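J.:
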Amino acid sequence: MTEALKIELGRRYRFAASHRLHSERLSAEENARVYGKCNNPFGHGHNYVVEIRVSGNVDPATGMIANLADLDAFVEREVIEPFDHQSLNEDVPAFCERVPTTENVCKEIFQRLKHFPKARLERVRVEETSNNAFEYAGEDI
Amino acid sequence: MVYLTRKIEFSASHLYHNPAFTAEENLRIFGKCNNPHGHGHNYTLEVTVAGEPDPATGMVLDLKELKEILEREITQRMDHRFLNYEVPELKGQIPTCENIVRVIWNLLEPRIHQGKLHRVRLYETPDLYAECYRNGAKPA
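Protein chains in written order, with our numbering: chain A, 4 to 144; chain B, 7 to 146.
#1: Quick one: what's got a C-beta closer than 8 Å to B:Glu15's C-beta in the same chain, skipping five residues either side?
#2: Short check: CB of B:Ala56 to CB of B:Lys13, under 8 Å?
#3: Go ahead and pull the three-state DSSP assignment for A:Phe137.
#4: Within 10 Å of its beta-carbon, does A:Asn60 have 16 or more other beta-carbons around it, so buried, or fewer, so exposed?
#5: Which residues of chain A have a Cβ atom closer than 8 Å to the Cβ of B:Arg140, listed in chain order?
#6: So B:Ile100 contacts chain A; which residues on that side make the cut at Cβ distance below 7 Å?
#7: Just checking: is the beta-carbon of B:Tyr147 within a distance shorter than 8 Å of some beta-carbon in chain A?
#8: When DSSP labels each residue in this structure, what does A:Arg8 get in the three-state scheme?
#9: Opposite A:Ser21 in the DSSP bridges: which residues?
#10: So, with DSSP's three-state summary, where would you put B:Leu67?
#11: Please check if any C-beta of chain A sits within less than 8 Å of the C-beta of B:Glu104.
#12: So, with DSSP's three-state summary, where would you put A:Thr132?
#13: Could you confirm whether any beta carbon from chain B is found closer than 8 Å to the beta carbon of A:Arg28?
#14: Around the C-beta of A:Asp7, are 16 or more other C-beta atoms found within 10 angstroms, so that it is buried, or is it exposed?
#15: In whole angstroms, give me the CA-to-CA distance for A:Glu32 and A:Asn42.
#16: Tell me whether A:Ile144 sits in a helix, a strand or coil according to DSSP, three-state version.
#17: What residues of chain A sit near B:Arg108, judged by a beta carbon separation below 8 Å?
#18: With a threshold of 8 Å between beta-carbons, can B:Ala56 be considered close to chain A, or not?
#19: What does DSSP give as the partner residue(s) for A:Asp62 in the beta ladder?
#20: Which bits of chain A does B:Asp133 rub up against, with CB to CB less than 7 Å?
#21: Tell me the residue span of the alpha helix (DSSP H) that contains B:Asn48.
#22: Determine whether the Cβ of A:Ala19 lies closer than 8 Å to any Cβ atom of chain B.
#23: Thinking A:Leu124 and A:Phe137 are a contact (beta carbons under 8 Å), I'd like their distance in whole angstroms, please.
#24: How many Å lie between A:Glu93 and A:Cys99 at the Cα?
#25: Under three-state DSSP, which class holds A:Val53?
In structure tokens, the structure reads:
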């Protein structure tokens with residue numbers, strides 16, 4: 004039976020990283036035109052905020068969809084540890100070929116977190132700055 | 007459809023403890039939240055009501071009325087309270103964000119007569135929240 008009410012848990016994390024927006028598919032002029040300051044060859048950085056949402060049954064014994072300690076440890080291992088204080092272009096293999104725009108960062112984080120075994124990943128939101136936010140909910144939405 | 011959201015804050019204490027678990031299990035599962043003396047949070051509650059604006063008033067519902075409902079049903083019941091001991095609706099439940107948000111939904115839904123309760127989101131801290139909505143009415 005489907006529950007009448009759905010409950011999701013939202014959790015925010017932070018990491019700081021540098022990136023450079025540059026596409027091998029574009030000429031130097033096109034890169035400069037498309038990416039502007041973000042094409043600076045030395046890169047630049049952001050304090051990223053990652054907000055994730057998971058859903059699942061609330062266990063009556065614990066009152067929880069998933070134990071936060073488990074969720075935090077999983078996100079720490081899959082995202083924060085590999086991304087924090089790194090150059091996304093140089094240190095994260097997924098971005099060797101893919102431009103580390105926050106759209107792509109958001110999708111990459113979703114791919115990394117969708118295997119969380121204790122709840123269903125609903126959505127990933129990445130705030131590159133307090134003025135820019137990107138959300139991804141997988142391809143079946 | 008227009009979605010209207012009102013925010014309130016309340017401060018309350020709680021602790022996580024399941025009498026069916028041993029002391030060791032309680033500590034392992036709930037960690038610091040198992041402290042028998044409790045601890046507290048400044049909760050932020052966002053309540054979203056969906057509806058069409060009334061042609062005569064231009065409102066989905068009267069915000070004044072929503073404010074009064076939230077004051078009566080939530081603030082008076084939960085603000086500056088120990089959730090485990092002073093909120094009967096939470097009796098027998100661990101007062102996690104997930105459980106509190108469901109209690110809040112069930113308190114508010116029958117009180118809202120103009121528009122429909124669409125979403126309730128409860129922040130325990132700025133980095134942790136639970137959200138409740140009707141299955142199938144997934145919020146944008």
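Ideal Cβ positions, reconstructed from N, Cα and C, are used throughout, including at glycine.
Note that this is a predicted model, so its numbers are computed, not measured.
T.: From the atom records:
#1: Asn48, Tyr49, Thr50 and Leu51
#2: no
#3: strand
#4: exposed
#5: Ala7, Leu8 and Lys9
#6: Thr65 and Gly66
#7: This structure does not reach residue 147 of chain B, given that chain B is present from 7 up to 146, and the question cannot be answered.
#8: This sequence places Leu at residue 8 of chain A; Arg is not what is there. In the structure shown, A:Leu8 sits in a strand (DSSP, three-state: E or B).
#9: A:Gly48 and A:Ser90
#10: coil
#11: yes
#12: strand
#13: no
#14: The question names Asp, but residue 7 of chain A is Ala in the sequence shown. Under this definition A:Ala7 is an exposed residue.
#15: 10 Å
#16: In this prediction, A:Ile144 scores a pLDDT of 47, lower than 50, which makes its location untrustworthy; the coordinate-derived value is nonetheless stated afterwards. Of the three classes helix, strand and coil, the one that applies to A:Ile144 here is coil, per DSSP.
#17: Leu8, Ile10 and Val61
#18: no
#19: A:Met67
#20: Arg14 and Arg15
#21: No alpha helix (DSSP H) contains B:Asn48, which is instead part of the beta strand (DSSP E) from His45 to Gly57.
#22: no
#23: Incorrect: roughly 16 Å between the Cβ atoms, too far for contact.
#24: 7 Å
#25: strand
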